[in-house]
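The block underneath contains the structure these notes are about, expressed in C-alpha cells.
There are 2 protein chains.
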Amino acid sequence: MKKHNFSAGPSILPRPVIEKTAAAVLDFNGIGLSVMEISHRGKDFQAVMDEAVALFREILDIPDGYEVLLLHGGASMNFLMIPYNLLQNKAAYLETGTWAKKAIKEAKKIGPVEVVGSSADKNFSYIPRNYEIPADADYFHITTNNTIFGTQIREDLNSPVPLVADMSSDFCSRPVDVSKYGIIYGGAQKNVGPAGVGFVIVRKDILGKVERDIPSMLDYRIHIENGSMFNTPPCLPVYTVMETLKWIRETGGLVKMEELNRAKAAMLYDAIDSSSMFAGTAEKDSRSVMNVCFVMQDKYKDLEADFLQFAQSKGMVGIKGHRSVGGFRASIYNALPAESVRALIDVMQEFEEQKA
Amino acid sequence: MKKHNFSAGPSILPRPVIEKTAAAVLDFNGIGLSVMEISHRGKDFQAVMDEAVALFREILDIPDGYEVLLLHGGASMNFLMIPYNLLQNKAAYLETGTWAKKAIKEAKKIGPVEVVGSSADKNFSYIPRNYEIPADADYFHITTNNTIFGTQIREDLNSPVPLVADMSSDFCSRPVDVSKYGIIYGGAQKNVGPAGVGFVIVRKDILGKVERDIPSMLDYRIHIENGSMFNTPPCLPVYTVMETLKWIRETGGLVKMEELNRAKAAMLYDAIDSSSMFAGTAEKDSRSVMNVCFVMQDKYKDLEADFLQFAQSKGMVGIKGHRSVGGFRASIYNALPAESVRALIDVMQEFEEQKA
C-alpha cells in the first residue's frame, strides 16, 4: 500500500534525494568509497559543503554580508547560541508556542528577556498582533512557524532591532527577504534535509558586540572562520541537504514551492472548513501553510481514535496531533505531493460519509 | 583499482554497515519509508536508539549506574559540556596533543584548570608519565588516543578523582574497564560510525554537583532524562552506529577487535622499524594501535612527496600525515582489514627498493 507521509519532522523527503543519498552511501561520485568514510577536509567533501552553501545563497537570494553555516545541534543548540552571541542588555521574544517557550527559557539563562507578545491565553492558536518591539533590545526573536499548533507568521516582519527567526518548519517553503533578518536558523529535518544538521544564516555585522567569552562551539564567528568545519561536520546529513536544495532548485525554486504549498494548504483547509465533522484549531488568519491542525467537532469527539485508525489503515502516516492540541495534524512540507493531500481528504470524506 | 582507506576520520566503515545504511535510506525495515523521513518519536526509530544503547552496554560491559547518550556535536561539544557539568573548584588535564589542548582551552573558559602533565616539549611524541593527579580536582581529563601524533594511553588509568576520557579515536578498539571512568566520550566517526553523532558514557552520580545553571542542551542530566531525545537526534548517523556496533559484536566483540588491531599495528610498526628509509615518529612505548605516524629518515626527506604520490597511485587513501607532524599517517581502525595494511607495506617496500 502506498504510504502518504504527513510526519511533522523528521518528515518526507523527495524520492530522488533519498535515492541519491543511498547511492552516495554506497559509492560517492564513483570514487569507490562511501560519503560516510571520507575526510571532511578532502576536496570531495569540501565540494559538497561548498555547493550546499552556494545553493542556499542562490535559492534564498542571500545578500552580501550574510554567512551560511551548517552545524551540529539543530535549532535547539541555537536557542542557546543566539543569546550567547547577541544578548548584552536585553532580548525581546514573541511567545507563539512550545518551541518559542523553549527558546525563551534558554535565553533567560543568559540574560534579561522581555516577552513582547504571547498567544498562551488561547493555547497558541493565533499569532499575536499589536505588540511593540523595544528599540533598546539587542534582538527580537520569532518562531515563524509553530509546528505543534499549526500557526505561522507568513510575512517578513519589520523590526527596529535585528530580527532573529527560528524557521525550522517553514524554511524554504516560500521566498523570504533575507535582508530583513539578522539571523535565520533551524533544523534541516522539515523542508531541507534529514535530522542531524542545522542551518544558520547570519548577518555578520551583528556579531562580536557582546562582552562575554563565548565557548568556541557556541561562537558563530568561529564557525564562520572555519567554514562550518571547526569540528567534523555531520557529513552525510550535509550531503542530503545539498541534494534537497538541488531538488528545490530543479523543481522551480521558492516561488514554485510557495505556489505548490499554498495550493495544498488551501485544498486541505477548504475540506476541513466545508466538513461538518472536522474543525481547524488555529485562527484562520494565523493558519500555517506547513502544518494543518484539526480536530473532530464536539459532537464527534468520540470518533477521533476511530478516524486515526481508519486513516492509518489507508496509508496515512504521522497524522496524530501533538498532545498539546490533540486531534490531528497533517504536515504538508515541500516534498509532500498534492496527491497525498487529496488522498487524506478522500479518507476524511469517506469517514464522514460512513459515520456522520 | 581497489582503494585502501587509511583516512584518519571520518574513516573506513565495514562494508556490511554501509550496505545496510544504504538499504535503510531507501526503505527502512520494509515500512516503505526512508529511515531519514520518519518521526524520531515513533516506535520504528525508538527501537534503533534503544538497540544502539543496548549494544554499547553489551559490547563494553557497562556497569549499572552509567548512562549511554548519543548526541549532536561530536567530541568538541563535550569539551564544553564536561566543565559545564563537572567543574566547580578546579579540573586536571593531561596535555597530549591538539585535541587535548582544545579541551583544555574550552575548560579554561569555565573555570580553573591545572595541566598536570604535557608532552608539548617533544611535539607530543610520547605519553607523559610520573605526573600527579591532584586529589582535590573535580575530575582528571585524558585523551586516550592522539590521532594526529600517533600516541595512545593503552591501559585504564587509576585516578583518585573521576577520570574523564576523550576516546574519539580508540573507542571500541579494545576492551576497557568502564568502572574506572567517570565519563567516556567522543565522536563516532572512527570506530563506531559516521560523523554527526557523539557518544557519552557517564556515571550518573558524578553529575549535579556544580552550582551553575547549565543550559539545557549542555546538561547531561537533561539528555539522560530524555533518552538522548531532548531534541531531534541525528537519526541516520545513529542508525549507522547501531549497525556498526552489531558488526563489532558479530565479528567477535572487543577482545577480537583488540587482537586484530594489535596484529595490524605490529605488522606495520615492524615494517617501519625494519626499514632503512622510514621511521616512526612516536616513542615506542607510547605508540598508538590506531594511528601509525611515520616519516622518511633524514637522508630521504626529499622523497616524501614522491612516496605519497606513488602510494596514492596504488590505491592508498588518506595516508598524508597531519601538518603538525608531517610525513605519513596510516589510520588502521577496526574496519580496516589486515589486507590493506599488507598492501601499504608492499607499497612501502616497493618504493624503498626502487629508491634506496
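Going down the list, the sequences are from chains A and B.
If you read the first sequence in numbering that gives the first Met the number 0, its first letter stands for residue 0, the second for the next number, and so on.
If you read the second sequence in numbering that gives the first Met the number 0, its first letter stands for residue 0, the second for the next number, and so on.
Just so it is clear, CB atoms sit at the ideal spot from N, CA and C, and this is done for glycine as well.
Backbone secondary structure at residue i - three-state DSSP
{"i": "A/Phe293", "result": "strand"}
{"i": "A/Glu210", "result": "coil"}
{"i": "B/Arg202", "result": "strand"}
{"i": "B/His222", "result": "helix"}
{"i": "A/Val196", "result": "coil"}
{"i": "B/Val346", "result": "helix"}
{"i": "A/Arg153", "result": "coil"}
{"i": "B/Lys319", "result": "strand"}
{"i": "A/Asn230", "result": "coil"}
{"i": "B/Gly8", "result": "coil"}
{"i": "B/Gly29", "result": "coil"}
{"i": "A/Ile183", "result": "strand"}
{"i": "A/Ser167", "result": "coil"}
{"i": "A/Ser117", "result": "strand"}
{"i": "B/Arg341", "result": "helix"}
{"i": "A/Gly73", "result": "helix"}
{"i": "B/Phe123", "result": "coil"}
{"i": "A/Ser330", "result": "strand"}
{"i": "A/Arg286", "result": "strand"}
CB contact check: residue i to chain A, cutoff 7 Å
{"i": "B/His3", "result": "no"}
{"i": "B/Thr20", "result": "yes"}
{"i": "B/Gly73", "result": "yes"}
{"i": "B/Lys356", "result": "Outside the displayed span of chain B (0 to 355) sits residue 356 of chain B, for which this structure offers no information."}
{"i": "B/Ser6", "result": "yes"}
{"i": "B/Thr280", "result": "no"}
{"i": "B/Thr231", "result": "yes"}
{"i": "B/Cys234", "result": "yes"}
{"i": "B/Glu36", "result": "yes"}
{"i": "B/Ile182", "result": "no"}
{"i": "B/Ile17", "result": "yes"}
C-beta neighbour in chain B for residue i, strict 7 Å
{"i": "A/Met216", "result": "yes"}
{"i": "A/Glu242", "result": "no"}
{"i": "A/Ile11", "result": "yes"}
{"i": "A/Gln188", "result": "yes"}
{"i": "A/Asp137", "result": "no"}
{"i": "A/Pro127", "result": "no"}
{"i": "A/Asp212", "result": "yes"}
{"i": "A/Val291", "result": "no"}
{"i": "A/Ala194", "result": "yes"}
{"i": "A/Val24", "result": "yes"}
{"i": "A/Gly31", "result": "yes"}
{"i": "A/Met347", "result": "no"}
{"i": "A/Leu79", "result": "yes"}
{"i": "A/Met76", "result": "yes"}
{"i": "A/Ile331", "result": "no"}
In DSSP terms, what residue i is bridged to
{"i": "A/Lys357", "result": "Outside the displayed range of chain A (0 to 355) lies residue 357 of chain A, so it cannot be described from this structure."}
{"i": "A/Phe139", "result": "A/Ala91, A/Leu162"}
{"i": "A/Leu68", "result": "A/Val199"}
{"i": "B/Asn145", "result": "B/Thr150"}
{"i": "B/Val112", "result": "B/Ala90"}
{"i": "B/Val278", "result": "Here residue 278 of chain B turns out to be Ala, not Val, going by the sequence shown. Answer by DSSP bridge pairing, in chain order: B/Val294."}
Count the C-beta pairs between the segment 108-118 of chain B and the segment 252-271 of chain B that are closer than 8 Å, then say yes if the count reaches three, no if not. No, the segment 108-118 of chain B does not touch the segment 252-271 of chain B.
Report yes or no: do three or more beta-carbon pairs, one from the segment 288-305 of chain A and one from the segment 165-174 of chain A, lie closer than 8 Å?
-> Yes: the two stretches touch, three or more of their Cβ pairs being nearer than 8 Å.
Practice prompt. Could you tell me whether the segment 72-81 of chain B touches the segment 178-195 of chain B, using the rule of 3 or more Cβ pairs below 8 Å?
Written response: Flag = yes, the segment 72-81 of chain B and the segment 178-195 of chain B touch.
- Item | Residues within the segment 38-61 of chain A neighbouring chain B, beta-carbon criterion of under 7 Å | When C-beta distances to chain B are compared with 7 Å, the residues of the segment 38-61 of chain A below that value are Ser38, His39, in chain order.
Could you say if the segment 124-138 of chain B and the segment 172-180 of chain B meet the contact criterion of at least three C-beta pairs nearer than 8 Å?
-> The count of Cβ pairs closer than 8 Å, one atom from the segment 124-138 of chain B and one from the segment 172-180 of chain B, stays below three, leaving the stretches out of contact.
- [ ] Determine which residues of the segment 290-317 of chain A have a Cβ less than 8 Å from any Cβ of chain B, and write them out in chain order.
- [x] Residues Val316, Gly317.
Item to check | Cβ-based contacts, 9 Å cut-off: residues of the segment 91-117 of chain B near chain A | outcome: Of all residues in the segment 91-117 of chain B, only Lys101, Lys104, Glu105, Lys108, Ile109 place a beta-carbon less than 9 Å from a beta-carbon of chain A.
Original post:
Looking at chain A, which residues of the segment 248-281 of chain B have a Cβ within less than 8 Å of any of its Cβ atoms?
Top reply: Near chain A, meaning a CB-to-CB distance below 8 Å, no residue of the segment 248-281 of chain B qualifies.
inquiry  = With a threshold of 8 Å, are at least 3 pairs of Cβ atoms found where one atom belongs to the segment 41-56 of chain A and the other to the segment 224-235 of chain A?
reply    = Judged by Cβ distances under 8 Å, the segment 41-56 of chain A makes contact with the segment 224-235 of chain A, as three or more pairs qualify.
- Message: Three Cβ pairs or more, each shorter than 8 Å: is that satisfied between the segment 344-355 of chain A and the segment 264-280 of chain A?
- Response: Taking a cut-off of 8 Å on C-beta distances, the segment 344-355 of chain A touches the segment 264-280 of chain A, as three or more cross pairs fall below it.
Output, in sequence order along the chain, the residues in the segment 138-150 of chain B whose CB is closer than 9 Å to any CB in chain A.
Hits within the stretch: zero.
Any chance the segment 191-198 of chain A sits against the segment 236-245 of chain A, with 3 or more Cβ pairs inside 8 Å?
-> In short, these stretches touch, since the Cβ pair count reaches three.
| said: Contact between the segment 146-155 of chain A and the segment 277-285 of chain A is defined here as three or more beta-carbon pairs at a separation below 8 Å; is this criterion met? | reply: Output reads yes: the segment 277-285 of chain A touches the segment 146-155 of chain A.
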